[in-house]
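So the structure is just underneath, and the comments pick up after that.
Listed below in structure tokens is the structure:
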């Protein structure tokens with residue numbers, strides 16, 4: 017991994033972030049008077065004037081843009097009009113709750129999805145394979161909010177085993193995390209399977225077999241590292257899916273995280289909080305993509321660090 | 007090739023499980039069922055007013071929250087009634103119309119915009135290409151549900167904005183595919199030959215390049231369409247998509263969520279319809295992809 021590779025990736029991440037901020041800026045300006053939109057309807061003329069001065073709304077669009085940029089860079093997303101606290105603070109105090117859910121779901125995804133994909137590939141065409149692939153089709157098609165409701169209906173209302181909403185104990189975490197993890201586990205299992213199948217057909221695997229290396233070692237030390245790159249990509253991509261999924265799932269299970277905050281803020285048009293959530297999620301995604309890219313370099317030293325476009 | 011099968015040697019007579027048999031019968035049986043279900047959905051969407059026994063807003067306060075006909079409710083209410091005494095079956099049929107309509111329009115928007123931008127990127131290369139591909143990366147990197155929620159928060163909700171917004175979901179996929187296909191076609195002899203004859207580039211794309219893209223774009227649509235249905239139903243489920251008195255499958259499920267203990271039939275049928283529809287399209291798409299992918303040995307033709 018060389019410095020140029022890291023710098024290129026950092027630059028692309030920064031560009032994505034800049035694009036996200038610009039996007040929010042354009043939407044904010046295009047949708048009406050930001051002073052009136054960001055403050056509540058009952059805001060006093062003084063409050064409106066103060067807001068205009070703070071965000072430089074009297075200047076040209078270009079000046080406004082740079083004022084906005086510098087405020088965002090300093091972590092100033094405006095104040096939530098519900099309680100007047102800084103939007104960033106309102107969002108940050110929900111982050112741990114969402115992380116608890118998201119990380120649990122990610123662990124389920126990795127611990128179930130990857131082994132399931134490997135087993136399916138090793139037992140291609142047999143029962144395990146068909147069972148795993150049937151699950152992936154189910155998991156990728158079922159809407160997460162519907163799955164959540166069915167789980168509540170079965171495990172909370174009929175069997176009365178698990179709490180249907182809220183947070184506090186391990187048992188509260190089970191259904192939301194399982195629901196959130198279903199789609200990602202399915203995708204990861206599917207990718208792991210096809211990636212493993214590709215590798216298992218490589219000549220070096222036959223060589224390894226001919227050398228008499230035991231199967232576990234062949235699979236874990238020879239095949240898996242080579243199959244890992246597409247899997248890392250898809251895991252990175254699915255983290256966006258986890259974040260999006262958290263929005264609906266937190267609402268279904270009344271899980272008081274960032275997703276539920278976002279939905280409530282959209283409903284009440286608490287725009288400072290909405291923009292803070294959107295930009296923080298963009299930041300998260302940029303960091304995730306960066307980590308994924310750097311993981312490639314570490315996993316596969318052959319990756320051409322100078323290739324400009326991998327998308328062609 | 008099964009030469010590289012690493013599993014330990016198996017007995018020659020391997021008994022096939024029921025699952026294996028279903029799996030092997032997939033193209034004729036399961037795909038047939040998928041197509042049948044999609045036909046039902048399309049018919050319901052087209053002829054909702056003839057198929058639904060009641061109007062979608064027709065209230066009957068005397069029979070509120072009645073269970074489905076088969077479970078002891080009124081015989082004329084196949085799926086029971088909701089909190090305002092409206093017939094759930096009729097509402098599901100009308101909701102299918104809304105959800106399918108939105109999904110079809112949104113898919114057309116996404117496919118058109120995406121394909122056009124992909125062609126533009128590949129034709130002009132240079133900075134145009136860079137800008138479009140940067141937008142593609144951006145679109146792919148931020149969860150679209152979040153973006154949609156933000157735009158709806160800022161602009162407020164209206165039906166046209168909702169359709170356009172949902173339509174912009176997934177354009178990046180089409181753009182990527184169109185771009186790479188045009189790049190590879192431009193490298194082939196026939197496009198170069200036509201161009202040398204002095205045919206206008208636009209004509210080359212419409213008459214010669216686009217027809218070659220259709221198959222791949224169709225496959226992309228089967229991937230994109232379920233996601234679009236899920237996006238619309240998610241937004242409506244959260245109360246931020248289609249607004250009452252309109253109906254959408256997501257909205258029905260969202261309304262039914264508050265009555266899970268007393269009247270589960272309010273939301274579950276709508277949820278089942280969403281699930282079966284996305285499932286049918288995904289299976290159909292998988293099958294189509296296998297048929298179209300020459301590297302897997304297409305059996306067609």
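Protein chains in written order, with the numbering used here: chain A, 17 to 328; chain B, 7 to 307.
C-beta: ideal position from N, C-alpha, C; glycine also.
What you are looking at is a predicted structure, and each value in this text was computed from that prediction instead of being measured.
Per-residue contacts from residue i into chain A (C-beta, under 9 Å)
| i | result |
| --- | --- |
| residue 93 of chain B | Those within 9 Å of residue 93 of chain B in chain A number zero; the least Cβ separation is about 21 Å. |
| residue 242 of chain B | Per Cβ cutoff of 9 Å: no residues; residue 242 of chain B is ~10 Å from chain A at best. |
| residue 191 of chain B | Per Cβ cutoff of 9 Å: no residues; residue 191 of chain B is ~13 Å from chain A at best. |
| residue 140 of chain B | 28, 31, 32 and 35 |
| residue 271 of chain B | In chain order: nothing, as chain A lies at least about 11 Å away. |
| residue 104 of chain B | What residue 104 of chain B touches in chain A: nothing, since even the nearest Cβ is about 16 Å away. |
Spatial neighbours of residue i in its chain, beta-carbon cut-off 7 Å, leaving aside the 5 residues before and after
| i | result |
| --- | --- |
| residue 309 of chain A | 25 |
| residue 69 of chain B | 80, 87 and 91 |
| residue 180 of chain B | 116, 117, 120, 121, 124, 223 and 226 |
| residue 57 of chain B | 50 and 99 |
| residue 19 of chain A | none |
| residue 157 of chain B | 171 |
Residue nearest to residue i in terms of C-alpha spacing, selected from the options
| i | options | result |
| --- | --- | --- |
| residue 98 of chain A | A:282, A:297 and A:305 | A:282 |
| residue 262 of chain B | B:92, B:101, B:88 and B:116 | B:88 |
| residue 141 of chain B | B:39, B:151, B:176 and B:110 | B:176 |
| residue 280 of chain B | B:204, B:260, B:264 and B:122 | B:260 |
| residue 252 of chain A | A:52, A:305, A:208 and A:131 | A:305 |
| residue 207 of chain A | A:173, A:136, A:176 and A:52 | A:136 |
| residue 214 of chain B | B:195, B:228 and B:230 | B:195 |
| residue 213 of chain A | A:92, A:177 and A:138 | A:138 |
| residue 92 of chain A | A:104, A:176, A:287 and A:52 | A:104 |
Contacting residues, own chain, Cβ-Cβ under 6 Å from residue i (five flanking each side not counted)
| i | result |
| --- | --- |
| residue 135 of chain B | 127 |
| residue 283 of chain B | 47 |
| residue 292 of chain B | none |
| residue 164 of chain B | none |
| residue 219 of chain B | 187 |
| residue 232 of chain B | 284, 287 and 288 |
| residue 275 of chain A | 262, 263 and 266 |
| residue 185 of chain B | 124, 127 and 128 |
| residue 269 of chain A | 181 and 192 |
Range of the contiguous alpha helix (DSSP H) that encloses residue i
| i | result |
| --- | --- |
| residue 179 of chain B | 177–192 |
| residue 210 of chain A | 186–216 |
| residue 263 of chain B | 255–263 |
| residue 174 of chain A | Counting along the chain, residue 174 of chain A falls outside any alpha helix (DSSP H), and DSSP gives it neither H nor E. |
| residue 45 of chain A | 19–46 |
| residue 57 of chain B | 54–57 |
| residue 266 of chain A | 240–268 |
| residue 269 of chain B | Neither: residue 269 of chain B is in no alpha helix (DSSP H) and is coded neither H nor E. |
| residue 154 of chain B | 150–161 |
| residue 223 of chain A | 219–226 |
| residue 195 of chain B | 195–202 |
| residue 129 of chain B | 94–130 |
| residue 209 of chain B | 207–210 |
| residue 110 of chain A | It is not in any alpha helix (DSSP H) - residue 110 of chain A carries neither H nor E in the DSSP assignment. |
| residue 290 of chain A | 287–315 |
Residue i: contacting residues in chain B (beta-carbon distance under 8 Å)
| i | result |
| --- | --- |
| residue 112 of chain A | Simply none; closest approach about 19 Å. |
| residue 18 of chain A | Correct list: empty, because the minimum Cβ distance to chain B is about 22 Å. |
| residue 36 of chain A | 144 and 148 |
| residue 260 of chain A | 149, 150, 151 and 152 |
| residue 257 of chain A | 149 |
Listed by chain order, chain B residues near residue i by CB distance under 7 Å
| i | result |
| --- | --- |
| residue 298 of chain A | 148 |
| residue 70 of chain A | The premise fails here: residue 70 of chain A is roughly 19 Å from chain B at the closest Cβ pair, so nothing lies under 7 Å. |
| residue 247 of chain A | Residues of chain B passing the Cβ test: none, with the nearest at roughly 18 Å. |
| residue 157 of chain A | 232, 281, 284, 285 and 288 |
| residue 285 of chain A | 159 |
| residue 173 of chain A | 266 and 267 |
Within chain B, partners of residue i - CB distance below 9 Å
| i | result |
| --- | --- |
| residue 207 of chain A | The contacting residues do not exist; residue 207 of chain A stays about 14 Å from chain B at best. |
| residue 153 of chain A | 285, 288, 289 and 292 |
Proximal chain A residues relative to residue i, where beta-carbon distance stays under 8 Å
| i | result |
| --- | --- |
| residue 263 of chain B | 165 and 268 |
| residue 43 of chain B | Under the 8 Å cutoff, chain A gives no residues; its nearest Cβ is about 12 Å from residue 43 of chain B. |
| residue 157 of chain B | 43 |
| residue 53 of chain B | Under the 8 Å cutoff, chain A gives no residues; its nearest Cβ is about 25 Å from residue 53 of chain B. |
Close-in-space but distant-in-sequence residues of the same chain around residue i (CB under 8 Å, 5 per side omitted)
| i | result |
| --- | --- |
| residue 323 of chain A | Reliability of the predicted coordinates at residue 323 of chain A is poor, the pLDDT of 47 falling under 50, and no value is obtained from them. |
| residue 210 of chain B | 197, 200 and 201 |
| residue 328 of chain A | Below a pLDDT of 50, predicted positions are generally treated as unreliable, and residue 328 of chain A, at 35, falls in that range; the measurement from the model is reported next regardless. Cβ neighbours of residue 328 of chain A beyond the five flanking positions: none. |
| residue 11 of chain B | At residue 11 of chain B the pLDDT is 47, less than 50, meaning the model places this residue with poor confidence and gives no usable figure here. |
| residue 44 of chain B | 283, 286, 287 and 290 |
| residue 247 of chain A | 130, 133, 204, 207, 208 and 211 |
| residue 37 of chain B | 289, 290 and 293 |
Exercise for review: Assess, as a yes-or-no matter, whether the segment 192–209 of chain A is touched by the segment 218–226 of chain A under the definition of 3 or more beta carbon pairs within less than 8 Å.
Suggested key: No, they do not touch.
Practice item. Could you tell me whether the segment 145–157 of chain B touches the segment 246–258 of chain A, using the rule of 3 or more Cβ pairs below 8 Å? Key: yes
**Study point:** the segment 295–305 of chain A contacting the segment 26–45 of chain A, beta-carbon criterion three pairs below 8 Å
**Key:** Contact between the segment 295–305 of chain A and the segment 26–45 of chain A is present: three or more C-beta pairs spanning the two stretches fall below 8 Å.
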